[in-house]
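Data first, discussion second: the structure below is written as structure tokens.
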Amino acid sequence: MGNSYNWHRRGDSLCPGLRPDLCNALILSVPAMQVRTPSPLFAVFLVSAAKPATNGFSVLTLLTCPLSDRSRAPRSHSRTVPDEVVGHLTALRQKHPDWGPKKLRMWLLNHHVDFTVPAASTVGDILKREGLVPDRKRKRRTPGNRRPLTSISENNQVWSADFKGKFRLLSREYCHPFTLTDNHSRYLLSCRGTDRESEPFVRHCLTEAFLEYGLPDVLRTDNGQPFAGTGIAGLSRLAVWLIKLGVRPERIRRGHPEENGRHERMHRSLKSALAQGNTFMTMEEQQRWFSDYREEFNYERPHEALAGATPGTVWHPSKRQWDGRVPDYAYPSGGTVYRVKSRGTLYMGKKGTVFLSEALTDEYIMLEEQDDGLEAIIFNGITLAYYDRKTQSVVRID
Numbered sequence: 009m010g011n012s013y014n015w016h017r018r019g020d021s022l023c024p025g026l027r028p029d030l031c032n033a034l035i036l037s038v039p040a041m042q043v044r045t046p047s048p049l050f051a052v053f054l055v056s057a058a059k060p061a062t063n064g065f066s067v068l069t070l071l072t073c074p075l076s077d078r079s080r081a082p083r084s085h086s087r088t089v090p091d092e093v094v095g096h097l098t099a100l101r102q103k104h105p106d107w108g109p110k111k112l113r114m115w116l117l118n119h120h121v122d123f124t125v126p127a128a129s130t131v132g133d134i135l136k137r138e139g140l141v142p143d144r145k146r147k148r149r150t151p152g153n154r155r156p157l158t159s160i161s162e163n164n165q166v167w168s169a170d171f172k173g174k175f176r177l178l179s180r181e182y183c184h185p186f187t188l189t190d191n192h193s194r195y196l197l198s199c200r201g202t203d204r205e206s207e208p209f210v211r212h213c214l215t216e217a218f219l220e221y222g223l224p225d226v227l228r229t230d231n232g233q234p235f236a237g238t239g240i241a242g243l244s245r246l247a248v249w250l251i252k253l254g255v256r257p258e259r260i261r262r263g264h265p266e267e268n269g270r271h272e273r274m275h276r277s278l279k280s281a282l283a284q285g286n287t288f289m290t291m292e293e294q295q296r297w298f299s300d301y302r303e304e305f306n307y308e309r310p311h312e313a314l315a316g317a318t319p320g321t322v323w324h325p326s327k328r329q330w331d332g333r334v335p336d337y338a339y340p341s342g343g344t345v346y347r348v349k350s351r352g353t354l355y356m357g358k359k360g361t362v363f364l365s366e367a368l369t370d371e372y373i374m375l376e377e378q379d380d381g382l383e384a385i386i387f388n389g390i391t392l393a394y395y396d397r398k399t400q401s402v403v404r405i406d
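Letter 81 of the sequence shown, counting from 1, is numbered 89 in our numbering, and no numbers are missing.
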């Protein structure tokens, strides 16, 4: 079963700190290589309980066997939150499911509980561990605009559109005002309320304005719906419709409302006017006030940026009149025309498909080869992105 080895004289140490004369049986673990065993196992030394040999040496029996590493984890954690505290936190969270870790912690501190309240980050970890924090779905964000904005020098060159922040009517229903202005003259072209922000409503408002005032060259918006999407060039269905009408969509950079500063300034004036008791019971009553406010803003209210003049004295309708029809577009020679398939994909033959934008479904685009070997993806005269045949990928420029 094992081999016998003679060691130090009785009373000597087998290794630092080990005194065999103080015990009859002792287990010591040392690497096997230190006792020249052929196996890379651990050696277990049993100190014999028998009397020492006549020559004055203790007799040890060497046994070799494999051993597993002991856990290095501490037996106790000084920072472990007691079960009682966890119970208080979970009960409080279930009572107030909309409270976050900071509010839960502050409530406990304000009520002077008889236990140590953990940090807010620890409270958050406990809530996650107990399954009291729902998973958040990540939204696909629209790409930020990297193209330069159009300089404004004349009427109807750039219009701006946006939804002013919602507010409650006296009936407690929400009203979302849609606004449309000419950037040069500050003329308020449209101010209409709705119970929800939607692409059909915005298209209806724009259609009315285009029929009455003509078409602008550019429509500047932020990156929210329904103005922008997640495909190439941030296209949405509304943006595709605008391009087909000959109006170029232009988006400001994300987080930079000052790039639409003239429109935001009008929103501030509108908000101030609403705060003067100008909210009503129904959407119809509120819309009548919006129409009166638009008349006052355009023809009575002096504007400092216009040297005291009113927007109505500066603005004039666009020369680009519109009859309500979407014109056909003929691509020039020099490129290859493709029809975008369902879900915004472009079929490239044996090379498979490439995703462009769902907003382009059933539309026709043209690929035109460039000097650098890339191919411009063009829709109704506007370059949306580039296609690299070598890597079979889209190079975005928005």
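Every residue, glycine too, gets a C-beta built ideally from N, C-alpha and C.
### Per-residue DSSP class, three states only, for Val403
Here residue 403 refers to the residue found at position 395 when the sequence shown is read from its first residue. Of the three classes helix, strand and coil, the one that applies to Val403 here is strand, per DSSP.
### Task
Report the residue ranges of all alpha helix (DSSP H) runs contained in full by the region 87 to 112; include only those spanning at least 4 residues, in chain order.
91 to 103
### Query
In this structure, does DSSP put Met374 in helix, strand or coil?
Against the sequence shown, residue 374 aligns to sequence position 366. Three-state result, Met374: strand.
### Task
Give me the Cα-Cα distance between Gly222 and Val166, rounded to the nearest whole angstrom.
Locating residue 222 in the sequence shown gives position 214, counting from the first residue. Locating residue 166 in the sequence shown gives position 158, counting from the first residue. Distance between the alpha carbons of Gly222 and Val166 is about 12 Å.
#### Entry: C-alpha distance - Thr318 paired with Asp133, whole-angstrom precision
The residue labelled residue 318 in the question sits at position 310 within the sequence shown. The residue labelled residue 133 in the question sits at position 125 within the sequence shown. For Thr318 and Asp133, the gap between their C-alpha atoms comes out near 58 Å.
### Message
I'd like to confirm the pairing. Which residues does DSSP put opposite Glu258 in its beta bridges?
### Response
Taking the sequence shown and counting its residues from 1, one reaches residue 258 at position 250. Answer by DSSP bridge pairing, in chain order: Arg228.
### Residues that Ser179 bridges to, as DSSP identifies them
Numbered from 1 along the sequence shown, position 171 holds the residue referred to as residue 179. In the DSSP output, where bridge partners are listed per residue, Ser179 has none listed.
### Query
With which residues is Phe363 paired in a DSSP beta bridge?
By one-based count along the sequence shown, residue 363 stands at place 355. Answer is Thr353, bridged to Phe363.
### Secondary structure of Arg273, DSSP reduced to three states
Counted from its first residue, the sequence shown places residue 273 at position 265. In the structure shown, Arg273 sits in a helix (DSSP, three-state: H, G or I).
### Query
Which residues in the same chain as Leu100 place their Cβ atom closer than 6 Å to its Cβ, once the five residues preceding and following it in sequence are excluded?
Within the sequence shown, the letter at position 92 stands for residue 100. Excluding residues within five positions, the ones whose Cβ falls inside 6 Å are Leu112.
### Query
Are the beta-carbon atoms belonging to Phe298 and Cys199 less than 8 Å from one another?
Walking along the sequence shown from the start, residue 298 turns up at place 290. Walking along the sequence shown from the start, residue 199 turns up at place 191. The Cβ atoms of Phe298 and Cys199 sit closer than 8 Å to each other.
### Task
Please work out which residues of its chain come closer than 7 Å, Cβ to Cβ, to Lys103, disregarding the five sequence neighbours upstream and downstream, and give them in chain order.
Locating residue 103 in the sequence shown gives position 95, counting from the first residue. No residues qualify anywhere along the chain.
### Query
With DSSP run on the structure shown, which of helix, strand or coil describes Leu214?
Taking the first residue of the sequence shown as position 1, residue 214 is located at position 206. It is helical.
### Task
Would you identify the three-state DSSP class for Tyr394, choosing helix, strand or coil?
Stepping through the sequence shown from its first residue, residue 394 is reached at position 386. Looking at Tyr394 - three-state DSSP - the assignment turns out to be strand.
### Task
Using a threshold of 8 Å, state whether the C-beta atoms of Thr368 and Gly352 are closer than that.
For the purposes of this step, residue 368 is taken as the residue at position 360 of the sequence shown. For the purposes of this step, residue 352 is taken as the residue at position 344 of the sequence shown. Correcting the residue identity first, residue 368 is Leu in this sequence and not Thr. With respect to Gly352, Leu368 sits close: the two C-beta atoms are nearer than 8 Å.
### Task
Ignore the nearest five residues each way along the sequence and tell me which others in Gly342's own chain have a CB closer than 8 Å to its CB.
By 1-based counting over the sequence shown, the position of residue 342 is 334. Here the set comprises Glu376.
### Task
Give every residue of the same chain whose Cβ lies closer than 7 Å to the Cβ of Ser365, excluding the five residues on either side of it in the sequence, and list them in chain order.
On the sequence shown, residue 365 is found 357 positions in, with the first residue counted as 1. Same-chain partners within the cutoff: Gly237, Gly239, Ile240, Leu243, Gly352.
### Message
Distance check for Leu392 and Thr399, CA to CA, integer angstroms please.
### Response
In the sequence shown, the residue the question calls residue 399 occupies position 391. In the sequence shown, the residue the question calls residue 392 occupies position 384. Spanning the two alpha carbons is a distance of roughly 18 Å.
### Message
Just to confirm before moving on: does the CB-CB distance between Glu205 and Phe171 stay below 8 Å?
### Response
On the sequence shown, residue 205 is found 197 positions in, with the first residue counted as 1. On the sequence shown, residue 171 is found 163 positions in, with the first residue counted as 1. Yes, the pair counts as a contact, with Cβ atoms nearer than the cut-off.
### Message
With a threshold of 7 Å on Cβ separation, who are the neighbours of Asn388 within its own chain once the five nearest residues in sequence on each side are excluded?
### Response
Here residue 388 refers to the residue found at position 380 when the sequence shown is read from its first residue. Answer for Asn388: Ile251, Lys252, Tyr337, listed in chain order.
### Query
Using the beta-carbon count (16 or more within 10 Å), is Thr290 buried or exposed?
Taking the first residue of the sequence shown as 1, we reach residue 290 at position 282. By the neighbour-count rule (16 or more Cβ atoms within 10 Å), Thr290 is not buried but exposed.
### Task
Use the C-beta contact count for Leu135: other C-beta atoms within 10 angstroms, 16 or more gives buried, fewer gives exposed.
Looking up residue 135 in the sequence shown gives position 127. With 16 or more other Cβ atoms within 10 Å, it is buried.
### Message
Going by C-alpha to C-alpha distance, which of Thr124, Pro90, Asp77, Pro142 sits closest to Trp107?
### Response
Taking the first residue of the sequence shown as position 1, residue 107 is located at position 99. It is Pro142 whose Cα lies nearest to the Cα of Trp107.
### Query
Thinking just about the alpha-carbon of each residue, which of Arg328, Lys358, Glu371 is nearest to the one in Val345?
Along the sequence shown, one-based indexing puts residue 345 at 337. Checked all of Arg328, Lys358, Glu371; the closest Cα to Val345 is Glu371.
### Task
Determine the direct distance from the alpha carbon of Arg262 to that of Thr98, and round the result to whole angstroms.
Here residue 98 is taken as the residue at index 90 of the sequence shown, counted from 1. Here residue 262 is taken as the residue at index 254 of the sequence shown, counted from 1. Roughly 38 Å separates the two Cα atoms.
### Query
Rounded to a whole number of angstroms, what is the C-alpha to C-alpha distance between Ala128 and Arg80?
Position 120 of the sequence shown, counted from the start, is the residue given in the question as residue 128. Position 72 of the sequence shown, counted from the start, is the residue given in the question as residue 80. Going from the Cα of Ala128 to the Cα of Arg80 covers about 29 Å.
### Task
Using three-state DSSP, classify Trp297 as helix, strand or coil.
Looking up residue 297 in the sequence shown gives position 289. DSSP places Trp297 in helix when its eight states are reduced to three.
### Query
Where does Ser168 sit, in a helix, a strand or coil, going by DSSP?
By 1-based counting over the sequence shown, the position of residue 168 is 160. If DSSP states are grouped into helix, strand and coil, Ser168 belongs with the strands.
### Message
With a threshold of 7 Å on Cβ separation, who are the neighbours of Leu354 within its own chain once the five nearest residues in sequence on each side are excluded?
### Response
Residue mapping note: residue 354 aligns to position 346 of the sequence shown, counting from 1. Result list for Leu354: Tyr346, Val348, Thr361, Val362, Leu364, in chain order.
### Message
Give me, in chain order, the residues of the same chain whose beta-carbon lies closer than 6 Å to that of Val93; leave out the 5 immediate sequence neighbours on both sides.
### Response
Along the sequence shown, read from residue 1 onward, the residue named residue 93 stands at position 85. These residues qualify, in order along the chain: Phe123.
### Message
Below 8 Å on the Cβ atoms is my contact criterion, and I expect Trp330 with Leu219 to pass it. Report the Cβ-Cβ distance as a whole number of Å.
### Response
Position 322 of the sequence shown, counted from the first residue, corresponds to residue 330. Position 211 of the sequence shown, counted from the first residue, corresponds to residue 219. Contact flag correct, Cβ pair sits at about 6 Å.
### Message
What would DSSP say about Tyr195, mapped onto helix, strand or coil?
### Response
Numbered from 1 along the sequence shown, position 187 holds the residue referred to as residue 195. In the structure shown, Tyr195 sits in coil (DSSP, three-state: anything other than H, G, I, E or B).
### Query
The beta strand (DSSP E) with Ala313 in it runs from where to where?
Here residue 313 is taken as the residue at index 305 of the sequence shown, counted from 1. Neither: Ala313 is in no beta strand (DSSP E) and is coded neither H nor E.
### Query
When the Cα atoms are used, what is the spatial distance from Leu196 to Glu292?
To locate residue 196, count along the sequence shown from 1; it is residue 188. To locate residue 292, count along the sequence shown from 1; it is residue 284. Between the C-alpha atoms of Leu196 and Glu292 there is a straight-line separation of about 20 Å.
### Query
Where does Ala247 sit, in a helix, a strand or coil, going by DSSP?
Walking along the sequence shown from the start, residue 247 turns up at place 239. Residue state, collapsed to three classes: helix.
### Query
Under a Cβ-count criterion, where at least 16 other Cβ atoms within 10 Å of its own Cβ denotes burial, should Val121 be classed as buried or exposed?
Taking the first residue of the sequence shown as 1, we reach residue 121 at position 113. It is exposed - the Cβ of Val121 has fewer than 16 other Cβ atoms within 10 Å.
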